[in-house]
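Comments concern the structure below.
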Ligand code: CIR
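In UniProt numbering, the protein residues as written are 1 to 254.
Have a look at this one:
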């Protein structure tokens, strides 16, 4: 059974880091409700939900994808680029140990945020951003090359993380909102979508994706390509530069 690692939102969510957008009020109660609905999408589809211990002192802890990335059955524990987020790693490590998931870690001075990692087949695109540095990318390459993955660094300057700008459909097509993508030509197969919040999809299976409810035209575009599209509202997380991918780590059966 696939497993979903999640961490419930901190009551301090509204104080999370912001880089590219202005701060607006966040409704903590609505955020909790949206988080519950997000987790329910997976639960209803048979995923086992594993809660990482709350880290209420870390406003951004809910964005658990930044702390852990799965490569097959190996987890990589990251080294967050924002100082305010480094304390999230200890509890993520305990969660991996508790769940019996083997892991390796990126170490300082290397930094790497999980939001900068996009896997397509055995290719791993890694955004070089304010959060992920060359040393972090080099450490990731050293871990993955012997395991048969190839790591490709791509520049990202217009959004927080690589996956704030692009993700991939089940067939490997990279989708992005072009004004926010540094180099669409970096990907063999690129599809421009009409809305910023439509760029992030979580692949649930070969025919189904989960995305934000705030991109209806993009949802229609994906449906016209034969996909089943499930939408969920995540407005309170989008206000903090979060998206649908970053609220969980998907541990899939290999
Ligand atoms: C941060 O700046 O770190 C958070 N406010 C947002 C993190 C979003 N994570 C992601 O896109 N993977």
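C-beta: ideal position from N, C-alpha, C; glycine also.
Could you tell me which of the options sits nearest to residue i, measuring between CA atoms?
| i | options | result |
| --- | --- | --- |
| residue 92 | 111, 31 and 105 | 105 |
| residue 291 | 54, 40, 138 and 51 | Here the chain has residues from 1 to 254 only, and residue 291 is not among them. |
| residue 228 | 136, 209, 164 and 146 | 209 |
| residue 118 | 151, 97 and 134 | 151 |
| residue 161 | 97, 141 and 111 | 111 |
| residue 120 | 15, 1 and 188 | 188 |
| residue 182 | 169, 172, 170 and 163 | 163 |
| residue 102 | 125, 224, 75 and 53 | 75 |
| residue 69 | 32, 124 and 186 | 124 |
Leaving out the 5 sequence neighbours to the left and right, which residues in its chain are closer than 8 Å to residue i when beta-carbon positions are compared?
| i | result |
| --- | --- |
| residue 56 | 10, 11 and 12 |
| residue 212 | 197, 198, 200, 231, 232, 233, 234, 238, 243 and 244 |
| residue 29 | none |
| residue 84 | 17, 58, 59 and 60 |
| residue 90 | none |
| residue 177 | 165, 192, 193, 194, 195, 196, 198 and 199 |
Do residue i and residue j have their CB atoms nearer than 7 Å?
| i | j | result |
| --- | --- | --- |
| residue 180 | residue 159 | yes |
| residue 199 | residue 174 | no |
| residue 81 | residue 60 | no |
| residue 267 | residue 195 | Absent from the model: residue 267. The displayed extent of the chain is 1 to 254, so no value can be given. |
| residue 50 | residue 7 | no |
| residue 128 | residue 153 | yes |
| residue 267 | residue 5 | With the chain represented from 1 up to 254, any question about residue 267 goes unanswered, as that position is not in the structure. |
| residue 52 | residue 95 | yes |
For residue i, which residues from the same chain have a beta carbon less than 7 Å from its beta carbon, with the 5 sequence-adjacent residues on both sides left out?
| i | result |
| --- | --- |
| residue 246 | 63, 65, 66 and 115 |
| residue 239 | 24 and 26 |
| residue 41 | 210, 230 and 232 |
Out of curiosity, what's the CA-to-CA distance linking residue i and residue j?
| i | j | result |
| --- | --- | --- |
| residue 148 | residue 122 | 7 Å |
| residue 18 | residue 241 | 7 Å |
| residue 73 | residue 203 | 17 Å |
| residue 193 | residue 220 | 10 Å |
| residue 20 | residue 132 | 16 Å |
Whose C-beta lies closer than 6 Å to the C-beta of residue i among residues of the same chain, with five residues either side of it excluded?
| i | result |
| --- | --- |
| residue 109 | 135 |
**Study point:** Continuous beta strand (DSSP E) assignments of at least 3 residues falling wholly in the segment 15 to 52
**Key:** Whole beta strand (DSSP E) segments, 3+ residues: 48 to 51.
Exercise for review: Let me know the beta strand (DSSP E) ranges lying completely inside the segment 72 to 116, each 3 residues or longer, listed in chain order.
Suggested key: Those beta strand (DSSP E) runs which fall completely within the segment 72 to 116 and span 3+ residues are 74 to 77 and 103 to 105.
Check your understanding: Which runs of the alpha helix (DSSP H) spanning at least 4 residues fall entirely within the segment 131 to 201, listed in chain order?
Key -> Within the segment 131 to 201, the complete alpha helix (DSSP H) runs of at least 4 residues are 134 to 144 and 162 to 165.
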